[in-house]
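Residue numbers for the sequence shown follow this note's numbering, beginning at 499 and rising by one. Ideal Cβ placement from N, Cα and C applies to all residues, glycine included. Since we're looking at a predicted model, the values are computed, not measured.
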Amino acid sequence: FFNINAHDAKILDPQFRQFLETAWEALENAAYISDDNRYKIGVFAGASARNNYYTNNILKNKSVNLPTEAMSLFTANARDFLSTLVAYKLNLTGPCITMQTACSTSLVAICQACENLLADNCNIALAGGVSVTTPIKSGYFYQEGVILSRDGHCRPFDINASGTVAGNGAGILVLKKLNAALKDHDHIHAIIKGFSINNDGGHKLGFYAPSVQGQENVIKDALKRANLSINTIDYIEAHGTGTHKGDLIELAALSNVFGGLKQNSIALGSVKSNIGHLDAASGVVGCIKTIEALKHKTLPPMLHFSQFNSNAAVNMPFFINTESKPWKTKKGKIRSAGVSSFGIGGTNAHIIFQEAPTNLKKQKKKQLVLLILSATALSMLVRIRRNLANYLKGTPPVNLINVAYTLQTGRKAFPVRYACICDSINEAIQKLENVTDKTGLDYGLNYAHKKSKHLKNELLFDLAEQWLKKTNINWAQLYNSNDLPYRLPLPTYPFEKKEYWINPDLEPNKKTNSVLLMTADKVEKKLLDIFKEFLGSDEISSSDSFYDFGGDSLLSLQIIVEINKQLDLKFCASILEQYPSAYALTKYIESL
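So, in structure tokens, the structure goes:
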């Protein structure tokens, strides 16, 4: 689909693959064609730093990990190339910038996209993030003192919170200036009223620690930029990781901003309770949740909550919504919400959203329209037809003119095509579902010709015929430029999923004779000695996390090389992410 050959697909970071598909879907959802040269489209994105696929699969396959493949492997797996790969494959010509600010990456990307739109560096922007860790599996090894939850549940702000839970996913927002979106009759999901990015600086407990002042300031700056007072905010989508200290600091910062409001005036939530912590993508999924809440005028529930983890919360203006309920506001008040994301190292971001204006026109009387669809294969075209029929069945009544306009101007034309002429939603559904002739690429036209009651409309029939003959048609000329239909978020292309995967040559992490001859105590002591040597501290104990004593990715690589050398093992550096102490790693070795 993206003109990526099998070999290149196999070596491509799964995060890149997921993000590329999501970028296509996002543009289609917005009803824009990626290579339309009328628009300068930018990409602002980031991915998780943990590329286990490269470490555990590619580097351990000798047929792939060759000197001649070095550049291909680098560009297919280094985060630097995430945004530019999307731009290359989709032919996007605006600014393409990859962000790296840890957990706040995707929210920072959205803020940067807004800045570039305001500076007219682009007129459409894709902004978001992705985090996919392979292999995707259930469960993890819990150790006291690490960031992961004791019971497998993420419980933001709850008295029983014991840590976070990792998740996988990707998200992208398509952004435009509001006046341009209104003029172009775009489907507006929500409005960004204000945004801000800052850093904690050095006045905090440590590099990894969050800062009350930093979080407080970024929220205040976003409100100031939005020209909104604190009493306009109804909901906060918090960073809310479910870590005791982190949640307390965030509550303190929020209280400093909104503390003057009456109790239970602002709902507080965190999507991490629902889908886990998506690392570099956590900010954008929080935005998507908030946007959906605004669209549906509904406060979504946060899971696994029983009681605030701080007695001080009793006097705060926040409440946790534990079940879905209508988002009620005073008459004339616009629903407004804030989304926070804070990265390790101190880069904070906050965005203020408001509900979108309702500007769709009412359904006109019956009017003939031409619906067109296309795909790369007949089987995919059948799926596209079914998906559109299901959409028309499941949504509130839509204007068929808008459906036709979206399909004509907001979709790339592929070789396998379908066309039908209809004047109502019911007729459209009937024709989309009843495939009676699959003998050739023009079966859609044949069906329309045989069944349509409106053959007098020669223009639409001629256009359908030309479309099926693969003639380039300027669809915009069919419409009055001063009264254009509206773009709709119709179903996007259903990618045909195929597996492209590289397996390691050797079974990883296999115990060898050296380890078999040693008792668990001796293995643990050996590991602890290695940790002490490389971390330069005799105070570290077997249960202490490598990261609590200044460990980083470079040190982890050096330590694992030494462990492999002394114990004759074949571990990869990422093993310390799961088992960061000598005790935890010993237990893992015993289980092999």
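Discussion item. Could you tell me which whole alpha helix (DSSP H) segments of length 4 or greater appear in the segment 565-610?
Written reply: 568-575, 580-588
Worksheet entry | Euclidean distance between Cα positions of residue 803 and residue 721 | One-based indexing of the sequence shown puts residue 803 at position 305. One-based indexing of the sequence shown puts residue 721 at position 223. Approximately 28 Å between the Cα atoms of the pair.
Discussion item. According to DSSP, is residue 855 part of a helix, a strand, or is it coil?
Written reply: By 1-based counting over the sequence shown, the position of residue 855 is 357. Of the three classes helix, strand and coil, the one that applies to residue 855 here is coil, per DSSP.
Worksheet item: Of the choices 752, 757, 955, 790, whose alpha-carbon is the least far from that of residue 769?
Response: Looking up residue 769 in the sequence shown gives position 271. Nearest of 752, 757, 955, 790 to residue 769, Cα basis: 790.
Worksheet entry | Nearest residue (CA-CA) to residue 714, options 688, 1048, 963, 749 | Here residue 714 refers to the residue found at position 216 when the sequence shown is read from its first residue. Nearest of 688, 1048, 963, 749 to residue 714, Cα basis: 749.
Worksheet item: In angstroms, rounded to a whole number, what distance separates the CA positions of residue 765 and residue 1015?
Response: The count along the sequence shown starts at 1 and reaches residue 765 at position 267. The count along the sequence shown starts at 1 and reaches residue 1015 at position 517. Taking the straight line joining both Cα atoms gives about 58 Å.
Discussion item. By the three-class DSSP mapping on this structure, what secondary structure does residue 950 have?
Written reply: Taking the first residue of the sequence shown as position 1, residue 950 is located at position 452. Bear in mind that the predicted position of residue 950 carries a pLDDT of just 49, short of 50, making it too unreliable to give a figure here.
Worksheet item: Can you tell me the Cα-Cα spacing of residue 1025 and residue 1080, whole angstroms?
Response: The residue you call residue 1025 lines up with position 527 of the sequence shown. The residue you call residue 1080 lines up with position 582 of the sequence shown. Going from the Cα of residue 1025 to the Cα of residue 1080 covers about 5 Å.
Practice prompt. Please confirm if the segment 618-633 is in contact with the segment 695-713, defined as three or more CB-CB distances below 8 Å between the two stretches.
Written response: no
Worksheet entry | residue 594 versus residue 1084 - alpha carbon distance | Position 96 of the sequence shown, counting from 1, holds the residue named residue 594. Position 586 of the sequence shown, counting from 1, holds the residue named residue 1084. Approximately 44 Å between the Cα atoms of the pair.
Discussion item. Suppose you measure from the CA of residue 987 to the CA of residue 1064; what does that come to, to the nearest Å?
Written reply: Position 489 of the sequence shown holds residue 987. Position 566 of the sequence shown holds residue 1064. Their Cα atoms are separated by approximately 58 Å.
Worksheet item: When we look at the beta-carbon of residue 840 and count the other beta-carbons within 10 Å, is it buried (16 or more) or exposed?
Response: Walking along the sequence shown from the start, residue 840 turns up at place 342. The residue in question, residue 840, is buried, as its Cβ has 16 or more Cβ neighbours within 10 Å.
Worksheet item: Does the distance from the CB of residue 728 to the CB of residue 758 come in under 8 Å?
Response: Position 230 of the sequence shown holds residue 728. Position 260 of the sequence shown holds residue 758. Cβ atoms of residue 728 and residue 758: closer than 8 Å.
Discussion item. In whole angstroms, give me the CA-to-CA distance for residue 564 and residue 573.
Written reply: Here residue 564 refers to the residue found at position 66 when the sequence shown is read from its first residue. Here residue 573 refers to the residue found at position 75 when the sequence shown is read from its first residue. Between residue 564 and residue 573, the C-alpha separation is close to 14 Å.
Worksheet entry | Inter-residue spacing [alpha-carbon to alpha-carbon] between residue 842 and residue 724 | Translated into positions along the sequence shown, residue 842 becomes position 344. Translated into positions along the sequence shown, residue 724 becomes position 226. The straight-line gap from Cα to Cα measures roughly 26 Å.
Worksheet item: beta strand (DSSP E) containing residue 914: first to last residue?
Response: The residue you call residue 914 lines up with position 416 of the sequence shown. Counting along the chain, the beta strand (DSSP E) containing residue 914 begins and ends at 914-920.
Worksheet entry | Nearest to residue 989 (by Cα), restricted to the options 527, 499, 503 | Translated into positions along the sequence shown, residue 989 becomes position 491. Checked all of 527, 499, 503; the closest Cα to residue 989 is 527.
Discussion item. Less than 7 Å between C-beta atoms, sequence neighbours within five positions excluded: which residues of the same chain meet that for residue 537?
Written reply: Taking the sequence shown and counting its residues from 1, one reaches residue 537 at position 39. Closer than 7 Å at Cβ, skipping near neighbours: 530, 621, 622.
Fill in: Neighbourhood of residue 599 by C-beta, 6 Å cutoff - its chain only, sequence neighbours within 5 removed
Start at 1 with the first residue of the sequence shown, and residue 599 comes out as number 101. So the qualifying residues of the chain are 606, 841, 845.
Item to complete: Compute the Euclidean distance between the alpha carbons of residue 964 and residue 615, then round it to the nearest angstrom.
Response: Sequence index remark: in the sequence shown, residue 964 carries index 466 (1-based). Sequence index remark: in the sequence shown, residue 615 carries index 117 (1-based). C-alpha separation (whole angstroms): 38 Å.
Discussion item. Mapping the DSSP letters down to three states, classify residue 904 as helix, strand or coil.
Written reply: Taking the sequence shown and counting its residues from 1, the one referred to as residue 904 is at position 406. Correct three-state label for residue 904: helix.
Item to complete: Measure the CB-CB distance between residue 562 and residue 518 and report whether it falls below 8 Å.
Response: Walking along the sequence shown from the start, residue 562 turns up at place 64. Walking along the sequence shown from the start, residue 518 turns up at place 20. No, the pair does not count as a contact, with Cβ atoms beyond the cut-off.
Worksheet item: Based on the DSSP output, what are the partners of residue 733 in its beta bridges?
Response: Within the sequence shown, the letter at position 235 stands for residue 733. For residue 733, which the question treats as bridged, DSSP gives the partners 765, 835.
Discussion item. Rounded to whole angstroms, what is the Cα-Cα separation between residue 887 and residue 869?
Written reply: Position 389 of the sequence shown, counting from 1, holds the residue named residue 887. Position 371 of the sequence shown, counting from 1, holds the residue named residue 869. Approximately 12 Å between the Cα atoms of the pair.
Worksheet item: Would a C-beta distance cut-off of 8 Å place residue 871 and residue 916 closer than the cut-off?
Response: Walking along the sequence shown from the start, residue 871 turns up at place 373. Walking along the sequence shown from the start, residue 916 turns up at place 418. A contact, by the Cβ cut-off of 8 Å.
Practice prompt. Report the residue from 560, 1073, 1001, 1078 whose alpha carbon sits nearest the alpha carbon of residue 1039.
Written response: Locating residue 1039 in the sequence shown gives position 541, counting from the first residue. Comparing Cα positions, the closest option is 1078.
Fill in: Three-state class that DSSP yields for residue 541 in the structure shown
Along the sequence shown, read from residue 1 onward, the residue named residue 541 stands at position 43. In this structure, residue 541 counts as strand in the three-state DSSP scheme.
Worksheet item: Rounded C-beta distance between residue 556 and residue 502? I'm assuming under 8 Å.
Response: Here residue 556 corresponds to residue number 58 of the sequence shown, with the count starting at 1. Here residue 502 corresponds to residue number 4 of the sequence shown, with the count starting at 1. About 16 Å; that fails the 8 Å criterion.
Worksheet item: Across which residues does DSSP place residue 635 in a beta bridge pair?
Response: Position 137 of the sequence shown, counted from the start, is the residue given in the question as residue 635. Answer by DSSP bridge pairing: none, since residue 635 is not bridged.
Worksheet item: From this set, 577, 645, 542, which residue's C-alpha is nearest residue 1076's C-alpha?
Response: What you label residue 1076 is simply residue 578 of the sequence shown in a count that begins at 1. Answer by Cα proximity: 645.
Fill in: Environment of residue 878 [buried if 16+ CB atoms lie within 10 Å]
To locate residue 878, count along the sequence shown from 1; it is residue 380. With 16 or more other Cβ atoms within 10 Å, it is buried.
Fill in: Burial state of residue 656, where buried means 16 or more other Cβ atoms lie within 10 Å
As a working note, residue 656 is residue 158 in the sequence shown. Looking at its Cβ environment, which holds 16 or more other Cβ atoms inside 10 Å, residue 656 is buried.
Discussion item. If distances are taken between C-alpha atoms only, which option among 1002, 1031, 1090 comes closest to residue 554?
Written reply: Within the sequence shown, numbered from 1, the residue matching residue 554 stands at position 56. For residue 554, the nearest C-alpha among the options comes from 1002.
Worksheet item: On the three-pair Cβ rule with 8 Å, is the segment 662-674 touching the segment 816-830?
Response: no
Practice prompt. Report yes if the CB atom of residue 543 is closer than 8 Å to the CB atom of residue 667, and no otherwise.
Written response: Walking along the sequence shown from the start, residue 543 turns up at place 45. Walking along the sequence shown from the start, residue 667 turns up at place 169. Cβ distance not < 8 Å, so residue 543 and residue 667 don't count as in contact.
Worksheet item: So what does residue 622 bridge to, in DSSP terms?
Response: In the sequence shown, residue 622 corresponds to position 124, counting from 1. In DSSP, residue 622 forms a bridge with 539.
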